[in-house]
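Residue numbers (the working numbering), protein chains in the order written: chain S, -15 to 395; chain H, -15 to 395; chain C, 70 to 248; chain F, 70 to 248. In this text, a Cβ means the ideal position worked out from N, Cα and C, and glycines have one as well.
Set out below in structure tokens:
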């Protein structure tokens, strides 16, 4: 091409010289090596973490553009735990389990501290090597209000909770919580837990993070007959939990002991008879300013509490009634598209979405702003669906979000 | 059921008692907890390692039954390296790269020593933290004849080779091999390498494993115009390598310096014009007693040297001619079958295999016995095809062999 | 949701429940399924499916390498039977965790409910074969020993999870909670 | 090999070459492809594909988030443009390895061959997006700096491989070896 350009210049001199000049001007300049991107100063309101079991990281996406912004690695446990974000400290925290020889050898657990602009590791706090590890990764870690303390559920197999002081970057307490599991932040120095005897507890910390006292509620749900899942949602110090049969329990962790209210049903008797049940993994999401509850719903009947749902039922919490039903998008086309080299919005994608059944979703999350997005994933489809959380309109899908996992975390 | 059984016994006493007695006799006894399987004393002739990038292990299969026998984990490098098996020592060796914090932190490389019956780790030898890591994992490690020394290619990015003495379980030498890469065992104390100037070298070790001398051949191939791949096959101290354009080079590493013979063409001029080329990853396999060479062949023309091939061409090496062509099996049905819950030999599998295109294979390996099996995989289909290596008959497929990887290792 | 979607869902709900983590492929495969039956080679694992099953049970419910095996009614993990172990033994080089979750499953051969202990095999990474998730009587995280989400390798030397077994403890005095 | 196989192969060879590691899906998708065009929502990444491309190149060859981007002619890895970086910058928290392999690619806008340096970004695990493998002028392992199989994070602080960039070094004096 360069050679033919020269020939052209010789043959048609005037035009040829012009062409060469333009080309020389257009030649791409050498570029710098070593550039590394940074994130904006503050987290976007529509950002989303997508943790992945097989890639062993949590990838960060912009829900508006679908672009991946970066990632933080997780440890070698079964599932990555939820990344925690402190806007006050411009830090991100992740609890990782590692072994001295890859997948074997001595176990070490760490709270890893990242700069939230550079995603570089800026510190770590070693934890007792027994941080709980589950297939879902839900309710295992939490950052308390005020961003000073992080609580980490342990299981060995009895339960306890490690408390880390982010101010001193030290572990300050291990609270014994036998018989209770999952952590539900509910204040600057308080978190709740659910217990195997149908009660809940409040764990109160002293100002330095050490245990002050544990206070237990009366027994308020049926652990065997109709248990509530630990996959709750939060508004301040109030949490909501749903039972397998669709009773919604409101529990305030705001006072000395947890105070549950009488539950109300998410399903009518008819709906229950038709087999409608809660289902999936992270099956609830909550939007505070509109007080809307989103619930993944499947028609699998008893025992389907971990099955994905084809619908997301929307409830007005103060009114205690269902106000809308969203269809889960078909995530097969956006999952296969980029791997198959076709555009999901093109012909092949259209046909796939038309022909193939909708698999439903295991997990949902909603952003907390005034124009909220509702994110959803099926645990084994590497794509995330994005809906307008108010209208239910299906806005877009984000492709290649990973291979396997049930968590969705809005930072 | 027990309750209804009791009611039955009350209502029809005689028959009821008999029924209860039979049931009691048939009741399953409590079973022992803690059992762990062991492998047979010696490796089977039809066994196969399938290393996987995403699961980060090498799984061992029986090619006759398709059953998985066990696995050894790999490190956190891009690809697992080839497991090495010493029948004399009843040991398996794997070179693993690990980091102190999972995927980050201080790097350590180890030769991990497994008992070949229990697959338990029985020792390890720390290596310089620069063992070479490639997408294929081919020709990076080798065990020398006599099973005393293991050689490990380093790249940082210049090359060297670590030598481990299995007798003392110590690293005994780091041989500087700048400009050369890949290791080709060729005796108890000798291995070959290919070099960037179109030569090959012989690295001779002293009896204690330290470097004795390096001897270089004349330049015998065109590194830029028509390079030979480092994915060679072996018979004693002789190795064969194929060039991108299908010239087969025979190199003896059996004397002081490597001695290459004049190459001969795997393709006719017509076949080259039709676009036939070698292709894939581990694209050659060799069966010593029949002196057959198997070569993955694709029709992609120049630049297709890493593309999978739809055919395996079979050559008689002494006669220097093609004697057979095997079709690569369609591995889509056995890959999807177990995940989709259908049998690959059933209706769905049949339709899939009939309708879907054959993807070809990247890698092949042949067992070394008198009734050899030819194994093959596509780097991103989690299934291994099994052919009779003499007749080319497609015997069976092994499903769920992993997710991603290009190596196949016959122990 | 289209009608054809619902049709496929009805078709595949059962298998989707049984192999929930990978259910999409089940439905995906269904699209290409017709009435024809073409000859195809046996896949190695499937070749033995017609043998006399374990525990005197015929068919898939008697095959420990199937998710449908009767003992798997509350399992969540890779089946050790497909990983170099068996339904009662770990693959070579792994360790069986002594602590575990349990299920109550009915043996179709004798009609008796048994307590099944799903001991995890630990110390090597994911086996990656025969993923199976069923949740009969499964209970949330705070009801530890009925919960199948937990990595139960907590009691083993190394907590890396490889696969799960299904060991008979004894005949159950009560049926599953939900029954 | 059936005739229908050959037909599909012909159809999809180009895309298979471009995305070889995952090419089966390309062909798989092809099976379900017909003439119809139904409306569907945009996938986020695809939404920007019609923009004016990089380096003055229109279409996919000007899109750094496509395997077809002209600079990717000898790449093998995940595209950093899809991972929080760009074709010349690493994603946050990773480090660009200073040692690298190179390719020689022709810019369709100016017809000039450029030497492209495929610096790997290192220190975090696989990005997992936009896998791309093309091998124009790629050479075996012993020809280090033309080999794209090598984990080129050897020059970085941590050798964990995340993704690959495609940085213009300069105009090439010679074309690709194979051209």
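So residue i packs on residue j, CB below 8 Å; how close in whole Å?
i             : j             : result
residue 268/H : residue 304/H : About 15 Å; that fails the 8 Å criterion.
residue 163/S : residue 103/S : So it is not a contact: roughly 38 Å between Cβ atoms.
residue 75/S  : residue 100/S : 6 Å
residue 158/F : residue 229/F : Contact flag wrong, Cβ pair sits at about 18 Å.
residue 45/H  : residue 274/H : The Cβ separation is near 23 Å, so there is no contact.
residue 235/S : residue 249/S : Going by Cβ atoms, the distance from residue 235/S to residue 249/S rounds to 17 Å, so no, they are not a contact pair.
residue 124/H : residue 65/H  : 5 Å
residue 162/C : residue 193/C : 6 Å
residue 138/H : residue 145/H : 7 Å
residue 143/F : residue 204/F : 6 Å
Strictly below 7 Å CB to CB, what residues from chain C border residue i?
i             : result
residue 57/H  : 193, 194
residue 214/S : 209, 210, 211
residue 386/H : 197
Which residues of chain S have a Cβ atom closer than 7 Å to the Cβ of residue i, listed in chain order?
i             : result
residue 146/F : Within 7 Å Cβ-Cβ: nothing; residue 146/F doesn't reach chain S, min ~14 Å.
residue 239/F : 14
residue 205/C : 287
Pull up the DSSP beta-bridge partners for residue i, would you.
i             : result
residue 205/H : Paired residue(s): none; residue 205/H is not in a bridge.
residue 167/S : Answer is none; residue 167/S lacks a bridge partner.
residue 311/S : 295/S
residue 31/H  : 46/H
residue 23/S  : Answer is none; residue 23/S lacks a bridge partner.
residue 300/H : 276/H, 305/H
residue 223/S : 218/S, 235/S
residue 448/S : Beyond the ends of chain S as shown, which are -15 and 395, falls residue 448/S; an answer cannot be given.
residue 405/H : In the structure displayed, chain H extends from -15 to 395; residue 405/H sits before or after that span and is not available.
residue 248/S : 232/S
residue 360/S : 348/S, 369/S
residue 194/C : According to DSSP, residue 194/C bridges with nothing at all.
Whose Cβ in chain C lies nearer than 8 Å to the Cβ of residue i?
i            : result
residue 91/S : 227, 228
At a CB-CB cut-off below 8 Å, which residues of chain S make contact with residue i?
i             : result
residue 208/C : 207, 208, 211
Determine the chain F residues that contact residue i at a beta-carbon separation under 8 Å, and present them in chain order.
i            : result
residue 83/H : 227, 229
Using a C-beta to C-beta distance shorter than 8 Å, which residues of chain H count as neighbours of residue i?
i             : result
residue 117/S : Near residue 117/S there are no residues of chain H at all, since even the closest Cβ is about 14 Å away, more than 8 Å.
residue 168/F : 141
residue 202/F : 290
Mind listing the chain H neighbours of residue i? Cutoff is C-beta to C-beta under 7 Å, in chain order.
i             : result
residue 218/F : 118, 119, 120
So which residues on chain S does residue i lean against when the C-beta distance must stay under 9 Å?
i             : result
residue 80/H  : 85, 86
residue 223/C : 114, 116, 117, 139, 140, 141
residue 171/F : Result: empty, since nearest Cβ-Cβ is about 12 Å, beyond 9 Å.
In chain H, which residues lie less than 9 Å from residue i when you measure between Cβ atoms?
i             : result
residue 188/F : Those within 9 Å of residue 188/F in chain H number zero; the least Cβ separation is about 13 Å.
residue 183/C : 11, 12
Quick one: is the Cβ of residue i within less than 7 Å of any heavy atom of the ligand ATP?
i            : result
residue 31/S : This structure does not include the ligand ATP; it has no bound ligands of any sort.
Note down, in chain order, every chain F residue with its Cβ under 7 Å from the Cβ of residue i.
i             : result
residue 102/S : 161, 162
Which whole runs of the beta strand (DSSP E) in the stretch 125 to 191 of chain F are 3 residues long or more, in chain order?
145 to 147, 171 to 175, 182 to 186, 189 to 191
Please list the residues of the stretch 162 to 192 of chain S that have a C-beta atom closer than 8 Å to any C-beta atom in chain C, keeping them in chain order.
163, 164, 165, 166, 177, 178, 179, 180
Could you please tell me which residues of the stretch 126 to 151 of chain H, in chain order, have their CB closer than 7 Å to any CB of chain F?
139, 140, 141
So within the stretch 133 to 195 of chain H, which uninterrupted alpha helix (DSSP H) runs reach at least 4 residues, ignoring any that extend past its ends?
none
Mind checking the stretch 261 to 294 of chain H against chain F and listing, in chain order, the residues whose C-beta falls within less than 8 Å of any C-beta there?
284, 286, 287, 288, 289, 290, 291, 292, 294
Along the stretch 140 to 165 of chain F, what residues have a CB closer than 8 Å to any CB found in chain S?
151, 152, 153, 154, 155, 157, 158, 159, 160, 161, 162, 163, 164, 165
Run through the stretch 42 to 105 of chain S for me and flag every whole beta strand (DSSP E) of 3 or more residues, listed as ranges in chain order.
52 to 57, 68 to 70, 75 to 83, 91 to 99
Pull out every residue of the stretch 43 to 73 of chain S whose Cβ sits closer than 9 Å to any Cβ of chain C, in chain order.
60, 61, 62, 63
Chain-ordered residues of the stretch 352 to 370 of chain H with a beta carbon less than 7 Å from chain S:
none
Against chain F: residues of the stretch 20 to 44 of chain S by CB proximity under 9 Å:
20, 21, 22, 23, 36, 38, 39, 40, 41, 43, 44
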